[in-house]
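One structure is given below, encoded as structure tokens.
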Amino acid sequence: METLRYVLLANGLLAVVGISYFILLRRETFFRANRVALWLGVTAALTMPLLKLPDWRPQPVRNVMQRTAAVIVPNVLPAPQLIRPEITITFPNKRTYRAFHTAVPQRLVWSWQSGLILVYLLGVVLLFIRLSIQLFSLRSVIRHSTQEAYDDFILANNNQVRAPFSFFNWVVLNTNLFGPEELDQILRHERVHVGERHSFDILGAELLCIVFWINPAVYLLRSLVRQMIEFSTDSAVLSEGVDTYTYQYSLITLSQSAHYPSFISSFSGPTLRQRIAMINRPRSNSMMRSKYTIWGLLVVMMALGCRHNYDTYNDSQSPNSLPATNASRTLVNTLNSQHIWRTDMLLINDELTTKAFSTDPIILHLENNRFAVSDDYKYGMDVYINSKPASVSILEKLSPDFVEELVVLHQWDDADKVDPNLKPYQVIIQMSPKPIPFDQKREDFFTLLKAAAITQHPRGETYSFTMNQLLEATFFHNKNALVERTKNEHLKVYDDFKHSVDIFINGIPATADAVETIHVREVARVHTKERPYTDWFHSSTNNSRFELHIQTAPERAKRDSSYYVFSPFYSGDF
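Put into structure tokens, the structure is as follows:
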């Protein structure tokens, strides 16, 4: 998302720079100032989207821009898939094992977003290859030329060249094609290009066209860069006393010369009509310098439109200063102003998008399309419906279809000023008189609550047991172990989990019946995992809810009676 955001902002700002330069500064004769202003604008367009700046924009403007971005960005790029690190365990014998079976990665799902990204990257690669080929060809031309060093440049004389041009310190031409007066004008012109390092400008414009090739504005910028350096060079040559009419005639004579790559500085250049018009244009008066002030203000406005430290909520922070569009939001803002509450659950429905998140534990569930509250939290919460106090029993009659917004605040345990009149949890719900359309975020939010009615760990959980810990867990019937002990001290998968667990014994897939052949004192370690609800809750998925991994140590059965199991929860034979 951040990459897409940068690309969108940078392309937009480059368009602003190109269009504003075209309107404000293109016809001014302050050529050095134009060059500085243009490249400062380009630099600002490329760097400002990366900066974190204070947000000076009015609150309504911020709200509109954030809602717009929240709609555009998720629809252009798919949500990133988080990669969980593989968990390994090293035993005292220095052997390392995977804690869980690693599933075979699924195939990359093709989407139109992936296709667009591939096309964009393919365009960048092809254009870069083309530029590399052109540079290699130019290098070959220079190498096969007769070179003569001057104070300011290196003259490369090549009989195959029809039009003179310069590239960094080299001036390439065919001296046999020009008379002494024409040759003098050409060398003066190209010497200015070399001295002003105009090749950097042209290459910079070419790289912009490669990286942002989908943006028409960069081609306008490239044209403006070429115009700018040619205008500046023509002015410098004429200031040395060269006859204006003779110089213009030379430009026209060479205008029919062979085409050369766009990254070199040619004497005739691609902007002949504009160059002749600029040569005959009166010099700009000092009053026109005020346009650079406007240009500076434009750069400041670009900064205001870029990255900021927002004070409004995001998906992982408390929704401070919510726009008070209803009474429930006013109540949330009032509680948050006490600075003793954190947001454990949030569902905010704006005009354009939905913001939703939930932290553990999830105190609200959905059963039969109605809200439910576990007994652990039922007596520790205050409920407000449309900002009016309500009972938990009324909450449990509500349908999520009519819930417009939902916020659960939890009082910080170490808060300095705890309000004794309020319970630890504040459940604030804004209802709608008509059903709320479900978007993807709202659907995912309520699916999580449905899964929370089935499991205490809808996002998944893992447990690990040594043999002694397993003895204790099975003694107290801790179902996190997924297995229980039989009367003959063997393991047995709980009947509740038998049809929803993938079993692995020493890394090999196994059945529940195979587990019953394992004596408890043969166990080296047991690992259990409850998968995230996204892997098993939907009927369209065939994944089991649990994983059970048992590592055995059969050699223990061969040990003599001097081996003991150090656990008060084991009474079997050794």
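Throughout the sequence shown, residue numbering follows UniProt numbering, covering 1 to 574 in sequence. Virtual Cβ for every residue (Gly too), placed ideally from N, Cα, C. The structure displayed is predicted, hence computed values, not measured ones.
Three-state secondary structure assigned by DSSP to residue i
i	result
isoleucine 436	coil
methionine 288	helix
aspartate 344	strand
proline 164	coil
threonine 146	strand
valine 17	helix
alanine 70	Reliability of the predicted coordinates at alanine 70 is poor, the pLDDT of 48 falling under 50, and no value is obtained from them.
valine 408	strand
aspartate 495	coil
serine 464	strand
isoleucine 23	helix
isoleucine 117	helix
alanine 453	coil
isoleucine 276	helix
arginine 281	coil
glutamate 443	helix
isoleucine 129	helix
residue 578	Residue 578 lies beyond the residue range present for the chain, which begins at 1 and ends at 574; the question has no answer from this structure.
isoleucine 518	coil
valine 501	strand
Beta-carbon gap between residue i and residue j smaller than 7 Å
i	j	result
glycine 193	serine 166	In the sequence under discussion, the amino acid at residue 193 is histidine, which differs from the glycine named in the question. For histidine 193 and serine 166, yes; Cβs fall inside 7 Å.
isoleucine 363	tyrosine 384	no
valine 501	serine 540	no
leucine 470	isoleucine 503	no
leucine 13	methionine 287	no
glutamine 440	tryptophan 341	no
glutamine 430	serine 337	no
leucine 398	phenylalanine 438	no
leucine 366	lysine 450	yes
alanine 481	alanine 524	no
residue 614	phenylalanine 31	Any property of residue 614 remains undetermined from this structure, which presents the chain solely from 1 to 574.
isoleucine 550	valine 526	yes
histidine 499	glutamate 516	no
aspartate 375	glutamine 426	no
glycine 407	isoleucine 436	Strictly speaking, residue 407 in this sequence is valine, with glycine absent from that position. Not closer than 7 Å, so no.
asparagine 169	isoleucine 154	yes
valine 237	histidine 189	yes
leucine 251	serine 20	no
tyrosine 463	threonine 528	yes
leucine 347	phenylalanine 445	yes
proline 361	arginine 459	no
alanine 163	leucine 254	yes
arginine 191	alanine 205	no
glutamine 227	glutamine 274	yes
residue 648	glutamate 522	For the chain, the structure presents residues 1 to 574; residue 648 sits outside this window and is missing.
alanine 452	phenylalanine 465	no
Candidates the options, of which the one nearest residue i by Cα
i	options	result
methionine 345	Arg5, His339, Gln338, Val332	Val332
aspartate 184	Asp243, Asn326, Leu135	Asp243
alanine 10	Thr146, Ala217, Glu405	Ala217
isoleucine 214	Phe200, Ala236, Ala15	Ala15
tyrosine 379	Val392, Thr253, Lys388	Val392
valine 538	Ile454, Glu182, Asp151, Thr293	One point to set straight first is that residue 538 is histidine, not valine, in the sequence displayed. Checked all of Ile454, Glu182, Asp151, Thr293; the closest Cα to histidine 538 is Ile454.
leucine 208	Thr474, Glu472, Asp419, Val17	Val17
arginine 283	Met48, Leu395, Arg27	Arg27
glycine 123	Ile210, Gly204, Trp39	Ile210
valine 7	Phe22, Leu25, Leu121	Leu121
threonine 246	Gln227, Pro180, Arg289	Pro180
valine 403	Pro433, Pro323, Ser387	Pro433
arginine 5	Asn34, Val42, Lys487, Leu51	Leu51
histidine 477	Tyr494, Asn285, Glu461, Lys423	Tyr494
Boundaries of the alpha helix (DSSP H) in which residue i is found, first to last residue
i	result
alanine 473	467-475
phenylalanine 200	198-211
glutamate 181	180-195
phenylalanine 31	31-47
isoleucine 252	244-254
Residue i, enclosing beta strand (DSSP E) - first and last residue
i	result
valine 225	Premise fails: valine 225 lies in the alpha helix (DSSP H), 216-238, not in any beta strand (DSSP E).
leucine 548	546-552
isoleucine 154	154-157
glutamine 426	425-431
leucine 173	170-173
threonine 534	That residue, threonine 534, is in no beta strand (DSSP E); its alpha helix (DSSP H) goes 533-536.
residue 580	Within the shown structure, residues of the chain are numbered from 1 to 574, placing residue 580 beyond reach of any answer.
alanine 514	Here alanine 514 belongs to no beta strand (DSSP E); instead the alpha helix (DSSP H) covers 512-515.
proline 484	Reading the sequence as shown, one finds glutamate at residue 484 and not proline. Start and end: 483-485.
Residue i: CB within 6 Å of a non-hydrogen atom of the ligand GDP
i	result
threonine 455	Looking at this structure, you won't find the ligand GDP or any other ligand, since it has none at all.
Mind listing, in chain order, the continuous beta strand (DSSP E) runs of no fewer than 3 residues lying wholly within the segment 326-401?
341-349, 354-358, 364-367, 370-373, 381-385, 388-390
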